[in-house]
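Novice: For the sequence shown, the UniProt record's numbering assigns the number 1 to the initial residue and increments by one for each residue that follows.
Even for Gly, the Cβ is constructed at its ideal location relative to N, Cα and C.
Computed from a prediction, not measured in an experiment: that's the story for all the values here.
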Amino acid sequence: MSRQPQYLWLADQLREPILNGELTPGTRLPSRTRLARAYRVSEQISRTALRLLVTEGLVEARPGSGYYVRTVPEIYRLSRTDATSGSGLGRLSRELISTEQELCSAPLSSRLRLRDGEPVYLTTSRGFSANRPVTLHRSWEPAVLTAGTLRTPFDAAETGPLERLGAAGFPVDRVVEEVGVRALRDSEAALLDSAPGVTVLVVERTHYSGDRPVETSDLIGSAEQCRLLYKLSLARPRPRR
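1) If you follow the beta strand (DSSP E) that GLN225 is part of, which residue opens it and which one closes it?
2) Secondary structure at SER65, three-state DSSP: helix, strand or coil?
3) Taking all protein chains shown into account, do 16 or more other C-beta atoms lie within 10 angstroms of the C-beta of residue 256, making it buried, or fewer, making it exposed?
4) VAL134: which of GLU141, ARG126, TRP140 sits nearest, CA to CA?
5) For THR152, count the other beta carbons within 10 Å of its own beta carbon; 16 or more makes it buried, fewer makes it exposed. Which is it?
6) If you reduce the DSSP assignment to three classes, tell me which class LEU149 lands in.
7) Quick one: what does DSSP say ARG185 is sitting in, helix, strand or coil?
8) Do you know whose CA, among GLU56, SER31, LEU219, GLU224, lies nearest ARG47's CA?
9) Quick check on the burial criterion: 16 or more other C-beta atoms within 10 angstroms. Buried or exposed for VAL214?
10) Counting only the same chain and skipping the five closest in sequence on each side, list residues whose C-beta sits under 8 Å from that of ALA195.
11) Please state whether the Cβ-Cβ distance between LEU112 and TRP140 is less than 8 Å.
12) CB-CB under 8 Å to THR71, same chain, minus the five flanking residues each way: which ones, in chain order?
13) By how many angstroms is the C-alpha of SER187 removed from the C-alpha of GLY21?
14) In whole angstroms, give me the CA-to-CA distance for THR124 and ASP211.
15) Give the straight-line distance between the Cα atoms of SER219 and ARG80, rounded to the nearest whole angstrom.
16) At 3 residues or longer, what runs of the beta strand (DSSP E) sit wholly inside the UniProt domain "HTH gntR-type" (4–72)?
17) Decide if LEU150 is buried, meaning its Cβ has at least 16 other Cβ atoms within 10 Å, or exposed.
18) Determine, for ARG28, whether the minimum Cβ-Cβ distance to residues of chain D falls below 8 Å.
19) Once you ignore the five residues that flank VAL41 on each side, which residues in its own chain have a CB closer than 7 Å to its CB?
20) Considering only DSSP beta bridges, list what ARG212 is partnered with.
21) Keeping to the same chain, check which residues put their C-beta closer than 8 Å to that of GLN225; ignore five residues upstream and five downstream.
22) Do you know whose CA, among SER222, LEU19, GLY66, lies nearest VAL34's CA?
23) For the putative contact between PRO142 and VAL120, defined by C-beta atoms under 8 Å, what is the C-beta separation to the nearest angstrom?
24) My output table needs one value for GLY80: the three-state DSSP class, helix, strand or coil.
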């Protein structure tokens with residue numbers, strides 16, 4: 001069996017006291033030089049070990065100051081099997097930002113099977129915890145479905161899309177989700193009080209009435225803090241006779 005690389009061994013020595021709470025968040029770690037002397041390794045080894053812990057999210061590097069044990073971020077579990085098939089914000093509080101009409105363009109036109117330039121309703125909201133934005137939710141629906149009725153997002157801002165669309169004659173009977181990660185965009189960063197380019201989790205959810213997509217949305221949240229919770233019911237096997 002090959003010997004474990006020294007930087008991995010050193011990272012293990014530092015990781016264990018961090019995970020068991022012996023080194024609490026905010027604790028300053030020894031410098032690369034002090035680690036090298038204490039563990040009888042080269043400074044290159046200690047530097048690589050510290051960078052590994054930074055990559056794992058356990059340690060943060062503060063320029064000109066050193067390495068510190070990082071505060072573990074709170075995890076938010078977002079249910080994707082809620083009874084109404086809504087945005088699934090869990091215990092987050094919802095803040096409606098705006099509802100507006102815009103013209104459809106790619107790739108949204110493909111998701112809603114519309115031609116570029118057709119009008120859609122865009123509703124933007126955020127999920128909050130302790131006055132801090134955690135998620136951004138944007139949903140689009142073809143304006144042709146409810147225009148001229150009292151079932152548009154403008155007329156029923158506090159009513160969920162399933163209830164509104166069902167009342168307009170488009171009952172939702174199927175939901176499709178696609179989950180991925182990407183970099184946070186400039187227009188989204190300000191709404192999430194974050195920096196452009198950080199990695200975010202994106203859930204693209206589309207509601208269908210029959211074969212027709214009647215609403216699609218993006219749920220965006222920090223990949224580090226947000227978890228998606230799925231509960232799937234399976235048919236019980238029939239007992240053998």
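Specialist: On the basis of the coordinates in this document:
1) Segment: none, GLN225 is in no beta strand (DSSP E) and carries neither H nor E.
2) The answer is coil: DSSP assigns SER65 none of H, G, I, E or B.
3) Look at the range of the chain in this structure, 1 to 241, and you will see that residue 256 is not part of it.
4) For VAL134, the closest of GLU141, ARG126, TRP140 by C-alpha to C-alpha distance is ARG126.
5) The residue in question, THR152, is buried, as its Cβ has 16 or more Cβ neighbours within 10 Å.
6) The sequence given here has Thr at residue 149, not Leu. Note: THR149 maps to coil in three-state DSSP.
7) Coil, per DSSP.
8) Out of GLU56, SER31, LEU219, GLU224, SER31 has the C-alpha closest to the C-alpha of ARG47.
9) The residue is buried, with at least 16 neighbouring Cβ atoms inside 10 Å.
10) Once the five neighbours on either side are set aside, the close Cβ partners of ALA195 are LEU184, ALA189.
11) Cβ distance < 8 Å, so LEU112 and TRP140 count as in contact.
12) PRO25, GLY26.
13) So the alpha carbons of these two residues sit roughly 38 Å apart.
14) Each residue's Cα considered, the two are about 25 Å apart.
15) It should be pointed out that residue 219 corresponds to Leu in this sequence rather than to Ser. Taking the straight line from one Cα to the other gives about 11 Å.
16) List check, beta strand (DSSP E) in window: 59–62, 66–69.
17) That one is exposed.
18) The question asks about chain D, but that chain is absent: this structure has only one protein chain.
19) Excluding residues within five positions, the ones whose Cβ falls inside 7 Å are GLN6, LEU10.
20) In the DSSP output, where bridge partners are listed per residue, ARG212 has SER209.
21) These residues qualify, in order along the chain: PRO73, GLU74, ILE75, TYR76, VAL134.
22) Inspection of the sequence shows that residue 34 is occupied by Arg rather than by Val. Ranking the options by Cα distance to ARG34, first place goes to GLY66.
23) Under the criterion of beta carbons closer than 8 Å, PRO142 and VAL120 qualify as touching, at roughly 6 Å.
24) It should be noted that the sequence gives Arg, not Gly, for residue 80. Note: ARG80 maps to coil in three-state DSSP.
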